[in-house]
Amino acid sequence: MEISITRTTSPRPKPEDPRKLGFGTVFTDHMFLMDYDPDQGWHDARIVPLENLSIHPGAAVFHYGAEVFEGLKAYLRDDGSVQMFRPRDNMERMRTSAERIQLPDFDAGFMLSAMVKLVELDQDWVPKVPSASLYIRPFEFCTDVDLGLHSIAHAQMIIILSPVGSYLGGGLKPVNIMIEDTDVRAVRGGTGYVKCGGNYAAANRAAARAEKKGYDQVLWLDGVHRKYIEEVGGMNVMFRMGGKVVTPKLTGSVLPGITRRSCIQLLRDKGIEVEERLISVDELMEALAAGQVEEAWGCGTAAVISPIGSFAYQDKQFVVHNRVIGPWAQDLYDTLTGIQWGRLPDPYGWIVPVPKP
Ligand SMILES: *Cc1c(COP(=O)(O)O)cnc(C)c1O
Numbered sequence: 298m299e300i301s302i303t304r305t306t307s308p309r310p311k312p313e314d315p316r317k318l319g320f321g322t323v324f325t326d327h328m329f330l331m332d333y334d335p336d337q338g339w340h341d342a343r344i345v346p347l348e349n350l351s352i353h354p355g356a357a358v359f360h361y362g363a364e365v366f367e368g369l370k371a372y373l374r375d376d377g378s379v380q381m382f383r384p385r386d387n388m389e390r391m392r393t394s395a396e397r398i399q400l401p402d403f404d405a406g407f408m409l410s411a412m413v414k415l416v417e418l419d420q421d422w423v424p425k426v427p428s429a430s431l432y433i434r435p436f437e438f439c440t441d442v443d444l445g446l447h448s449i450a451h452a453q454m455i456i457i458l459s460p461v462g463s464y465l466g467g468g469l470k471p472v473n474i475m476i477e478d479t480d481v482r483a484v485r486g487g488t489g490y491v492k493c494g495g496n497y498a499a500a501n502r503a504a505a506r507a508e509k510k511g512y513d514q515v516l517w518l519d520g521v522h523r524k525y526i527e528e529v530g531g532m533n534v535m536f537r538m539g540g541k542v543v544t545p546k547l548t549g550s551v552l553p554g555i556t557r558r559s560c561i562q563l564l565r566d567k568g569i570e571v572e573e574r575l576i577s578v579d580e581l582m583e584a585l586a587a588g589q590v591e592e593a594w595g596c597g598t599a600a601v602i603s604p605i606g607s608f609a610y611q612d613k614q615f616v617v618h619n620r621v622i623g624p625w626a627q628d629l630y631d632t633l634t635g636i637q638w639g640r641l642p643d644p645y646g647w648i649v650p651v652p653k654p
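Last residue of the sequence shown? That's 654 in this note's numbering, and every number before it is there in order.
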């Protein structure tokens, strides 16, 4: 399928001070769209100036939440070229997400080429300051105008781009985590393993409660036993304990993070043992009380590595690694960001270059 391109005639000013960029509030000049209907399949692939959408208020996405998304980044290398990190993995995961919600499947290779084209066109928007990047947000949703509960027939796919600073503002400042014991994010058999908007809606209340009490993020326990550690906010979680790294296994309610997968590979290649297994909150509390949690961190595209400074659960509170980043988290951060920004070689084939315009 050809992608038609309509360039903007009124480019918007770039952010004045890219060091002050937040996350996902500034957008570039163009977006990609394509539409799906049962007769034509995916069609009308186009890059057009970014503008508001016009969607019927009866569209199912507004009522029943039929939406899936992805998040990845493009990075500016020192030589001025732009590259993406593992974009094909994101597109394959989005196909898995679409299947779970029963949104139409798509060609991952085509979507990858659409992302490359869009980033190529808007590459002046990749911020030229350290640790900033261009966030890529593909998403797919149901456009059927129908309040009945029917299978999905019409959908739209969009990609938007947003120059972003470092996700949590303070760079590698350790975050304080509240372990949530009331609400759950996901259950096995549900949608925890896919990136759909509804998962985040379900997380809002606990996140608001944690914020009100002064915590940065929520750590989720499994929805069945309220016992096993799953993930923190929008990140997977890892613990350094007893000279190994331990991380929750992918049970079906945990999101299979691409940063998680990359961390596991990097750690194993450095000769560090990584255990993917169930970790109960009791085991974590005992290990914290005994001083056996040497480091803890979250990992995800937005923050890359986010060291954890403390955990609170019910009436207990524990500090990890004196609230400063530990050496293993720092090393993972340096290696991952080194590959992402092209300052380190990429022996894994994770990088996809974006052509110069
Ligand atoms: C996106 C996401 C992650 C991290 O996945 P990455 O591919 O590493 O960005 C972790 N948990 C949740 C719930 C997510 O939505």
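Glycine included, each C-beta is placed from N, C-alpha and C at the ideal position.
On a predicted model such as this, the values are computed, not experimentally measured, just so you know.
*DSSP state of Val461 mapped onto helix, strand, coil*: Residue numbering aside, residue 461 sits at position 164 when the sequence shown is read from its first letter. Note: Val461 maps to strand in three-state DSSP.
*For Glu417, which option in Gly355, Val542, Asp326 has the closest C-alpha, if you only look at C-alpha atoms?*
To locate residue 417, count along the sequence shown from 1; it is residue 120. Cα-wise, what sits closest to Glu417 is Asp326.
*May I ask you to report which of helix, strand or coil DSSP gives Phe436?*
Within the sequence shown, residue 436 is the residue found at index 139, counting from 1. Of the three classes helix, strand and coil, the one that applies to Phe436 here is strand, per DSSP.
*Is the segment 490-498 touching the segment 548-558 in the sense that three or more CB pairs, one from each, lie closer than 8 Å?*
yes
_C-alpha distance - Leu633 paired with Ser559, whole-angstrom precision_ = To locate residue 633, count along the sequence shown from 1; it is residue 336. To locate residue 559, count along the sequence shown from 1; it is residue 262. The straight-line gap from Cα to Cα measures roughly 8 Å.
*Any idea what DSSP makes of Ile636, helix, strand or coil?*
Translated into positions along the sequence shown, residue 636 becomes position 339. Helix, per DSSP.
*Go through its chain and collect everything with a Cβ distance to Val521's Cβ below 7 Å, but skip five positions before and after it.*
Working through the sequence shown from its first residue, we reach residue 521 at position 224. Here the set comprises Val484, Arg485.
_Start-end ranges of the beta strand (DSSP E) lying completely within the segment 470-545, minimum 3 residues_ = 472-476, 514-518, 526-529, 533-538, 541-545
*Ile576: beta carbon under 7 Å from a heavy atom of ligand 1?*
The residue labelled residue 576 in the question sits at position 279 within the sequence shown. False, no ligand heavy atom lies under 7 Å from that Cβ.
*asked:* Please classify Pro460 as buried or exposed, where buried requires at least 16 other C-beta atoms within 10 Å of its C-beta.
replied: For this step, residue 460 is matched to residue 163 along the sequence shown. Per the 10 Å Cβ criterion, buried.
*Trp625 in three-state terms, based on DSSP*: Your numbering for residue 625 matches position 328 in the sequence shown. Residue state, collapsed to three classes: helix.
*Kindly indicate which three-state DSSP category Lys317 falls into: helix, strand or coil?*
Along the sequence shown, read from residue 1 onward, the residue named residue 317 stands at position 20. Here Lys317 sits in helix by DSSP.
*Close-in-space but distant-in-sequence residues of the same chain around Pro655 (CB under 8 Å, 5 per side omitted)*: Any question about residue 655 goes unanswered here, given that the chain covers just 298 to 654.
*asked:* What does the alpha-carbon distance come out to for the pair Leu446 and Asn387?
replied: Counted from its first residue, the sequence shown places residue 446 at position 149. Counted from its first residue, the sequence shown places residue 387 at position 90. Answer to the nearest angstrom: the Cα atoms are 29 Å apart.
*asked:* One question on the structure: do Ile456 and Ala411 come within less than 8 Å of each other, judged by their Cβ atoms?
replied: Numbered from its first residue, the sequence shown carries residue 456 at position 159. Numbered from its first residue, the sequence shown carries residue 411 at position 114. Cβ atoms of Ile456 and Ala411: closer than 8 Å.
*Can you grab the Cα-Cα spacing for the pair Arg296 / Glu591, in whole Å?*
Lying outside 298 to 654, the shown extent of the chain, residue 296 is not represented and no answer is given.
*Start and end of the alpha helix (DSSP H) containing Ser394?*
Within the sequence shown, numbered from 1, the residue matching residue 394 stands at position 97. First-last of the alpha helix (DSSP H) with Ser394: 384-398.
*Inspect the beta-carbon positions of Arg574 and Val543 and report whether they are closer than 8 Å.*
As a position in the sequence shown, residue 574 is number 277, starting the count at 1. As a position in the sequence shown, residue 543 is number 246, starting the count at 1. Yes, the pair counts as a contact, with Cβ atoms nearer than the cut-off.
*Use the C-beta contact count for Thr303: other C-beta atoms within 10 angstroms, 16 or more gives buried, fewer gives exposed.*
For the purposes of this step, residue 303 is taken as residue 6 along the sequence shown, with counting starting at 1. Label assigned to Thr303: exposed.
*Do Met532 and ligand 1 come close, with the Cβ less than 7 Å from some heavy atom?*
Indexing the sequence shown from 1 puts residue 532 at position 235. The answer is yes for Met532.
_Tell me the DSSP secondary structure of Glu348 in three-state form._
Within the sequence shown, residue 348 is the residue found at index 51, counting from 1. Here Glu348 sits in coil by DSSP.
*Identity of the residues DSSP links to Val649 by a beta bridge*: In the sequence shown, residue 649 corresponds to position 352, counting from 1. Looking at the DSSP assignment, Val649 forms a beta bridge with Met381.
*Who are the near neighbours of Lys541 in its chain, counting only those whose CB is closer than 8 Å to its CB and skipping five residues on each side?*
For the purposes of this step, residue 541 is taken as residue 244 along the sequence shown, with counting starting at 1. Only Ile569, Glu570, Val571, Glu572 meet the Cβ criterion.
*Tell me whether Glu348 is buried or exposed, calling it buried when 16 or more other Cβ atoms sit within 10 Å of its Cβ.*
In the sequence shown, the residue the question calls residue 348 occupies position 51. Flag for Glu348 reads exposed.
*Whole angstroms is fine: what's the gap from Asp421's alpha carbon to Val616's?*
As a first step, residue 421 must be located in the sequence shown, where it is residue number 124. As a first step, residue 616 must be located in the sequence shown, where it is residue number 319. So the alpha carbons of these two residues sit roughly 42 Å apart.
*If you run the structure through DSSP and keep just helix, strand and coil, what is Gly595?*
If you number the sequence shown from 1, residue 595 lands on position 298. It is a strand residue.
*Using a threshold of 7 Å, is the CB atom of Val529 nearer than that to any non-hydrogen atom of ligand 3?*
Absence of ligand 3 from the depicted structure is noted, with ligand 1 being the only ligands included.
*How about Lys567: is its Cβ closer than 7 Å to a heavy atom in ligand 1?*
Start at 1 with the first residue of the sequence shown, and residue 567 comes out as number 270. No, Cβ of Lys567 sits at least 7 Å from all heavy atoms of ligand 1.
*asked:* At the level of alpha carbons, what is the spacing between Tyr645 and Tyr497?
replied: Translated into positions along the sequence shown, residue 645 becomes position 348. Translated into positions along the sequence shown, residue 497 becomes position 200. Distance between the alpha carbons of Tyr645 and Tyr497 is about 31 Å.
_Using 8 Å for Cβ pairs, my map puts Val472 next to Gly321. What's the rounded Cβ distance?_
To locate residue 472, count along the sequence shown from 1; it is residue 175. To locate residue 321, count along the sequence shown from 1; it is residue 24. That belief does not hold up - the Cβ atoms of Val472 and Gly321 are roughly 18 Å apart, past 8 Å.
*Can the beta-carbon of Val673 be found closer than 8 Å to that of Val423?*
What the structure shows of the chain is the stretch from 298 to 654, and residue 673 is not part of that stretch, so it cannot be assessed.
*Pairing CB atoms from the segment 397-410 with CB atoms from the segment 528-537, are three or more of them under 8 Å?*
no
*In whole angstroms, what separates the C-alpha of Ile300 from that of Pro624?*
Taking the sequence shown and counting its residues from 1, one reaches residue 300 at position 3. Taking the sequence shown and counting its residues from 1, one reaches residue 624 at position 327. If I take the Cα positions, the gap works out to 46 Å.
_Taking 7 Å as the cut-off, is the beta-carbon of Leu547 closer than that to any non-hydrogen atom of ligand 1?_
Counting from 1 along the sequence shown, the entry for residue 547 is found at position 250. No; taking the cut-off as 7 Å, the Cβ of Leu547 has no heavy atom of ligand 1 nearer than that.
_Would Ile576 and Leu516 be called neighbours here (beta carbons separated by less than 8 Å)?_
If you number the sequence shown from 1, residue 576 lands on position 279. If you number the sequence shown from 1, residue 516 lands on position 219. No, they are not a contact pair.
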